[in-house]
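Colleague: Okay, here's the structure, questions in a sec.
In the working numbering, the protein residues as written are 607 to 820.
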């Protein structure tokens, strides 16, 4: 297959959103195909996301992200940098899981989840990345160029700010990081209205999405 990558997922964030971010940062245009209608027979584990790219039908979020990052020079210059990127991104995935799950919880579980999610963001995850930036004094988390770690940290920061707008108040280096990475031309374009970036799920959409996956 040639041409634009085809993204198979529902029309929302979920596990496809980090992939959309990486493709956008790389300046890659994509096509969206509804997996509900067209994709089930092609899914290796009967799970989405799936991305058709370079003649392959890739599934599993990390595998897809690894491929895109390698293809578009977002994975560091050597094995040591790649190990750091992987380590940071795995932590981001843990926080992302908390942020992503919040919108799908029943009302009686949201308050406790929110408190736990914000506590971990402010006291476990964001302090790590603030320390990393302070420790090496560079513009990026790893090395001297943009990597998937930078792209996905910005995604996480913006998601966290949707829940708590002042969450970076104690993290001046992350504030600067956010402004800096947001102004990279491909990412700036992705942050504009009308891009492939998806909004927060609305409460009335939750039952429909839950029915699709469960």
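All C-beta atoms in this analysis are idealised placements derived from N, C-alpha and C, irrespective of residue type, glycine included.
#1: Could you tell me whether the stretch 785 to 793 touches the stretch 741 to 757, where touching means 3 or more Cβ pairs closer than 8 Å?
#2: Which one of 632, 667, 675 and 679 has the shortest CA to CA distance from residue 702?
#3: Buried or exposed for residue 730, please, with buried defined as at least 16 other CB atoms from any protein chain shown within 10 angstroms of its CB.
#4: Between which residues of its own chain and residue 636 is the CB-CB distance below 6 Å, once the five residues before and five after are set aside?
#5: If we call anything under 8 Å between Cβ atoms a contact, is residue 624 one with residue 718?
#6: Using 8 Å as the threshold, is the stretch 656 to 675 in touch with the stretch 796 to 807, meaning 3 or more CB pairs across them?
#7: Can the beta-carbon of residue 780 be found closer than 8 Å to that of residue 736?
#8: Could you check if residue 723 is buried or exposed, using at least 16 other CB atoms within 10 Å of its CB as the buried criterion?
#9: Go ahead and label residue 757 buried or exposed: buried means 16 or more other beta carbons lie within 10 angstroms of its beta carbon, across all protein chains shown.
#10: Considering only residues of the same chain and omitting the five flanking positions on each side of residue 687, which have a CB-CB separation below 7 Å?
#11: Residue 821: which of 679, 620, 672 and 773 sits nearest, CA to CA?
#12: Once the 5 residues before and after residue 664 are set aside, which same chain residues still bring their CB inside 8 Å of it?
#13: To the nearest angstrom, how far is the alpha carbon of residue 740 from that of residue 714?
#14: From 618, 776 and 802, pick the residue whose C-alpha is nearest to that of residue 733; which is it?
#15: Taking only three categories from DSSP, how would you classify residue 726?
#16: Where does residue 668 sit, in a helix, a strand or coil, going by DSSP?
#17: In terms of DSSP beta bridges, what is residue 734 paired with?
#18: From what residue to what residue does the beta strand (DSSP E) around residue 656 run?
#19: Could you tell me the alpha carbon to alpha carbon distance between residue 803 and residue 676, rounded to whole angstroms?
#20: Do you know whose CA, among 615, 693 and 709, lies nearest residue 766's CA?
#21: Given a cut-off of 8 Å on the beta-carbon distance, is the pair residue 759 and residue 790 in contact?
Modeller: By the coordinates alone:
#1: Touching, yes, given that three or more Cβ pairs across the two stretches are closer than 8 Å.
#2: Within the chain shown, residue 702 is the residue found at index 96, counting from 1. Minimum Cα-Cα distance from residue 702 among the listed residues 632, 667, 675 and 679 corresponds to 667.
#3: Stepping through the chain shown from its first residue, residue 730 is reached at position 124. The residue in question, residue 730, is exposed, as its Cβ has fewer than 16 Cβ neighbours within 10 Å.
#4: As a working mapping, residue 636 is identified with position 30 in the chain shown. The residues are 610, 611, 613 and 629.
#5: What you label residue 624 is simply residue 18 of the chain shown in a count that begins at 1. What you label residue 718 is simply residue 112 of the chain shown in a count that begins at 1. No, Cβ-Cβ distance for residue 624 and residue 718 is not below 8 Å.
#6: Under the three-pair Cβ rule at 8 Å, the stretch 656 to 675 does not count as touching the stretch 796 to 807.
#7: Taking the chain shown and counting its residues from 1, one reaches residue 780 at position 174. Taking the chain shown and counting its residues from 1, one reaches residue 736 at position 130. Residue 736 is positioned such that its CB atom lies closer than 8 Å to that of residue 780.
#8: For the purposes of this step, residue 723 is identified with residue 117 of the chain shown, where counting begins at 1. With 16 or more Cβ atoms within 10 Å of its Cβ, residue 723 is classed as buried.
#9: Within the chain shown, residue 757 is the residue found at index 151, counting from 1. Under this definition residue 757 is a buried residue.
#10: Counted from its first residue, the chain shown places residue 687 at position 81. Cβ neighbours of residue 687 beyond the five flanking positions: 748 and 749.
#11: The structure shown does not extend to residue 821, since the chain spans only 607 to 820, so no value can be given for it.
#12: Here residue 664 is taken as the residue at index 58 of the chain shown, counted from 1. So the qualifying residues of the chain are 656, 657, 658, 670 and 673.
#13: Locating residue 740 in the chain shown gives position 134, where the first residue counts as 1. Locating residue 714 in the chain shown gives position 108, where the first residue counts as 1. Rounded to the nearest angstrom, the two C-alpha atoms are 39 Å apart.
#14: If you number the chain shown from 1, residue 733 lands on position 127. Out of 618, 776 and 802, 776 has the C-alpha closest to the C-alpha of residue 733.
#15: Position 120 of the chain shown, counted from the first residue, corresponds to residue 726. In the structure shown, residue 726 falls within a helical segment according to DSSP collapsed to helix, strand and coil.
#16: Your numbering for residue 668 matches position 62 in the chain shown. Correct three-state label for residue 668: helix.
#17: Against the chain shown, residue 734 aligns to sequence position 128. According to the DSSP secondary-structure assignment, residue 734 is paired through a beta bridge with no residue.
#18: Against the chain shown, residue 656 aligns to sequence position 50. Secondary structure note for residue 656: its beta strand (DSSP E) is the uninterrupted segment 656 to 659.
#19: Counting from 1 along the chain shown, the entry for residue 803 is found at position 197. Counting from 1 along the chain shown, the entry for residue 676 is found at position 70. Distance between the alpha carbons of residue 803 and residue 676 is about 22 Å.
#20: The residue you call residue 766 lines up with position 160 of the chain shown. In this structure, 709 is the residue among 615, 693 and 709 with its C-alpha nearest to the C-alpha of residue 766.
#21: Position 153 of the chain shown holds residue 759. Position 184 of the chain shown holds residue 790. Their beta carbons are not under 8 Å apart, which means residue 759 does not touch residue 790 by this criterion.
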